[in-house]
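First up is the structure itself, then whatever we jot down about it.
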Amino acid sequence: MDKLVVEGGATLSGSVQISGAKNAVLPILAATLLADRQCVISNVPNLKDVRTLIEILREVGLEAEFRSPGTLVTKVVDESNCTARYELVSTMRASIYLLAPLLAKRGYAKVSLPGGCVFGLRPVDLHVKGLEALGAEITLEHGYIVARAPKGRLQGGYVYLAGPMGSSVGATANTLMAACLADGKTVIEGAACEPEITDLALFLNRMGATIEGIGTPTLKITGVPSLRGGATRVCPDRIEAGTYMAMAAMTGGDIRLHDVRPDHMGAQIDVFRAMGVTVEDEGQGVLRVARSGPLTPTRISMLPYPCFPTDMQAQLVSLLSVTPGMSVVTERIYPERFMHCAELSRMGAQIHREGPSAIICGVEQLSGAEVMASDLRAGAALVAAGLVAKGTTTVHRVYHIDRGYENFEEKLTGLGATIFRVSSTPSESIKRAA
Ligand code: EPZ
Numbered sequence: 005m006d007k008l009v010v011e012g013g014a015t016l017s018g019s020v021q022i023s024g025a026k027n028a029v030l031p032i033l034a035a036t037l038l039a040d041r042q043c044v045i046s047n048v049p050n051l052k053d054v055r056t057l058i059e060i061l062r063e064v065g066l067e068a069e070f071r072s073p074g075t076l077v078t079k080v081v082d083e084s085n086c087t088a089r090y091e092l093v094s095t096m097r098a099s100i101y102l103l104a105p106l107l108a109k110r111g112y113a114k115v116s117l118p119g120g121c122v123f124g125l126r127p128v129d130l131h132v133k134g135l136e137a138l139g140a141e142i143t144l145e146h147g148y149i150v151a152r153a154p155k156g157r158l159q160g161g162y163v164y165l166a167g168p169m170g171s172s173v174g175a176t177a178n179t180l181m182a183a184c185l186a187d188g189k190t191v192i193e194g195a196a197c198e199p200e201i202t203d204l205a206l207f208l209n210r211m212g213a214t215i216e217g218i219g220t221p222t223l224k225i226t227g228v229p230s231l232r233g234g235a236t237r238v239c240p241d242r243i244e245a246g247t248y249m250a251m252a253a254m255t256g257g258d259i260r261l262h263d264v265r266p267d268h269m270g271a272q273i274d275v276f277r278a279m280g281v282t283v284e285d286e287g288q289g290v291l292r293v294a295r296s297g298p299l300t301p302t303r304i305s306m307l308p309y310p311c312f313p314t315d316m317q318a319q320l321v322s323l324l325s326v327t328p329g330m331s332v333v334t335e336r337i338y339p340e341r342f343m344h345c346a347e348l349s350r351m352g353a354q355i356h357r358e359g360p361s362a363i364i365c366g367v368e369q370l371s372g373a374e375v376m377a378s379d380l381r382a383g384a385a386l387v388a389a390g391l392v393a394k395g396t397t398t399v400h401r402v403y404h405i406d407r408g409y410e411n412f413e414e415k416l417t418g419l420g421a422t423i424f425r426v427s428s429t430p431s432e433s434i435k436r437a438a
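Using the working numbering, the letters of the sequence shown map in sequence onto residues 5 to 438.
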């Protein structure tokens, strides 16, 4: 397994190009299963999760070829296989996005349950609730979700989709995709408002869907008999952008992020500014992020959009671990999403866990260490800590980072960081296995 070696002491400067959003491109690619004709998706990031989803989509009859780097052309050529099998789904929970399009377009879907992850159970009850509100008959069979549309078509309906932790991005995406081909009208209350859902909805409307209330918690969909093809450019990744913002703040750097949507990052920009970071919207999708003075501690909860995103929690904890004073971070989405704290503590961070909160007392300097990534955001947070730690930090299990960060070490090197990848050879892996 590859690892990243980071030398501390960098001050990031220069420009970095932000890629298309992982959490937008995944549902958009799944939505191409709904189309009768060709789709063209541009600004597709070169990520492990994207390659995995394309492999799964090909198994259910989607032809998908890159016309040029980042531009994918898709067309459904075979609708006979409606099963997303465990071996692939277990490597990426976003495969759950196949459930709705297969069900709505073909009348049947069999998708392996995605299982949990390191930051807790990842239930799918809201996905089931949304699809059952459209008349789907759903059973759980031997680790698979099996969904059927009576008489081959779904019926429009009403569903309140938010659960105990608030709105669900995935359940909103699935219910929205299914409603587009359901007979009649659908109202989804308590829908997620994340920009990635907006990106999906705009793409569906370009394919001929009729979705109103885009960007609000109430989505109204009038079902249509079929969807033509469509083209879309995937919106910029606000979490990737926030990750580099946090790194610039940590290293006291001065960087420019290119191809960002500041209007998708209100909560992040507000928190960084309150902490003493300069964040300037220079227009044309350019955001300047700089920090020269002392950082100010903060108290923040991770909540559904437009509040501070849970996917930026680990990176923020990293930044707060070198922010003088006491800060409190409370996870309202995934209360167990703190695996990175133990690794940061090995680097000298002072973090105390209290239920869904982490209390962080900033330290003068972290010390480099061997640490292990537990998920993609934790991995990025550990690299961030390595940028300011004294000495060398080696981050293991870099495959987590590769799932969601395009050209991660190249982009950081371009900003002045000293970071390189050590790839393990097959023989080494065999040795380790023995
Ligand atoms: C999406 O996951 C993202 N993944 C996650 O990003 C992100 O952390 C999450 O939304 C929250 O913003 C993708 O978009 C591929 P949810 P998703 O359904 O859809 C509970 C990353 O780092 N819930 O919005 O699975 C759930 O347990 C990844 O890029 C139910 O109770 O998240 C959680 O507490 C990690 N029942 C809350 O809702 C359900 O049926 C929000 O989950 C579904 C979810």
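Every residue gets a Cβ at the ideal spot worked out from N, C-alpha and C, and that includes glycine.
message: Just to confirm my understanding: we take D406, look at its own chain, exclude 5 residues before and 5 after, and list those with CB closer than 6 Å. What are they?
response: As a working note, residue 406 is residue 402 in the sequence shown. If we look at D406 and ignore the five residues flanking it on each side, its Cβ neighbours are K52.
message: Does the beta-carbon of T314, which I'm using as the reference point, lie nearer than 6 Å to any heavy atom of the ligand EPZ?
response: Position 310 of the sequence shown holds residue 314. Flag set: Cβ of T314 near the ligand EPZ.
query: So is T222 buried or exposed if we call it buried at 16+ other beta carbons inside 10 Å?
result: Taking the sequence shown and counting its residues from 1, the one referred to as residue 222 is at position 218. The residue is exposed, with fewer than 16 neighbouring Cβ atoms inside 10 Å.
message: Measuring straight from C-alpha to C-alpha, what distance separates D258 and S296?
response: Position 254 of the sequence shown, counted from the start, is the residue given in the question as residue 258. Position 292 of the sequence shown, counted from the start, is the residue given in the question as residue 296. Those two C-alpha atoms are separated by around 8 Å.
CA nearest to the CA of E145, picked from K114, L165 and A98: Along the sequence shown, one-based indexing puts residue 145 at 141. If we check each option's Cα against that of E145, K114 comes out closest.
message: Using the three-state DSSP reduction, which class does I201 fall into: helix, strand or coil?
response: Numbered from 1 along the sequence shown, position 197 holds the residue referred to as residue 201. The answer is helix: DSSP assigns I201 an H, G or I state.
query: Within this structure, are the beta carbons of E244 and A28 separated by less than 7 Å?
result: By 1-based counting over the sequence shown, the position of residue 244 is 240. By 1-based counting over the sequence shown, the position of residue 28 is 24. Contact flag unset, no.
field: Beta carbon of A385 nearer than 7 Å to that of H404
entry: The residue given as residue 385 occupies position 381 in the sequence shown. The residue given as residue 404 occupies position 400 in the sequence shown. No, Cβ-Cβ distance for A385 and H404 is not below 7 Å.
task: Return yes when at least one heavy atom of the ligand EPZ lies under 6 Å from the C-beta of I337, else no.
output: On the sequence shown, residue 337 is found 333 positions in, with the first residue counted as 1. Indeed, a heavy atom of the ligand EPZ lies less than 6 Å from the Cβ.
query: Beta carbon of D129: closer than 6 Å to some heavy atom of the ligand EPZ?
result: Residue 129 sits at position 125 when you count from the first residue of the sequence shown. At least one heavy atom of the ligand EPZ is nearer than 6 Å to the Cβ of D129, so yes.
- request: Measure the beta-carbon distance from V367 to G352 and round it to whole angstroms, keeping in mind my assumption that it falls under 8 Å.
  value: Translated into positions along the sequence shown, residue 367 becomes position 363. Translated into positions along the sequence shown, residue 352 becomes position 348. With 8 Å as the limit, V367 and G352 qualify as a contact, their Cβ atoms being about 6 Å apart.
field: First and last residue of the uninterrupted alpha helix (DSSP H) at S296
entry: Position 292 of the sequence shown, counting from 1, holds the residue named residue 296. Unbroken run through S296: none, as it is neither H nor E.
- prompt: Is the region 36 to 55 in contact with the region 190 to 200, if contact means three or more CB pairs nearer than 8 Å?
  reply: no
- prompt: Leaving out the 5 sequence neighbours to the left and right, which residues in its chain are closer than 6 Å to S3 when beta-carbon positions are compared?
  reply: Lying outside 5 to 438, the shown extent of the chain, residue 3 is not represented and no answer is given.
query: Among Y101, N85, G418 and P73, which one has its Cα closest to the Cα of S172?
result: Working through the sequence shown from its first residue, we reach residue 172 at position 168. Answer by Cα proximity: Y101.
message: Under DSSP, the alpha helix (DSSP H) around L348 begins and ends at which residues?
response: As a working note, residue 348 is residue 344 in the sequence shown. That run of the alpha helix (DSSP H) goes M343 to R350.
query: Is the beta carbon of F123 sitting closer than 7 Å to the one on R341?
result: One-based indexing of the sequence shown puts residue 123 at position 119. One-based indexing of the sequence shown puts residue 341 at position 337. Yes, the Cβ-Cβ distance between F123 and R341 is below 7 Å.
query: At a cut-off of 6 Å, is M269 close to the ligand EPZ when judged by its beta-carbon and the heavy atoms of the ligand?
result: As a working note, residue 269 is residue 265 in the sequence shown. Answer for M269: no, Cβ out of range of the ligand EPZ.
query: Any heavy atom of the ligand EPZ within a distance shorter than 6 Å of the CB on V173?
result: For the purposes of this step, residue 173 is identified with residue 169 of the sequence shown, where counting begins at 1. Yes; taking the cut-off as 6 Å, the Cβ of V173 has a heavy atom of the ligand EPZ nearer than that.
query: Using the C-alpha atoms, what's the distance from G167 back to E136?
result: In the sequence shown, the residue the question calls residue 136 occupies position 132. In the sequence shown, the residue the question calls residue 167 occupies position 163. When rounded, the distance between both Cα atoms is 15 Å.
Helix, strand or coil at V48 [DSSP, three-state]: As a position in the sequence shown, residue 48 is number 44, starting the count at 1. V48 falls in the coil class under three-state DSSP.
- request: Give, in chain order, every unbroken run of the alpha helix (DSSP H) that is at least 4 residues long and sits entirely within the region 310 to 381.
  value: 317 to 324 and 343 to 350
field: Separation of A421 from Y309, as counted between CA atoms
entry: Along the sequence shown, one-based indexing puts residue 309 at 305. Along the sequence shown, one-based indexing puts residue 421 at 417. If you take the alpha carbons of Y309 and A421, they lie about 31 Å apart.
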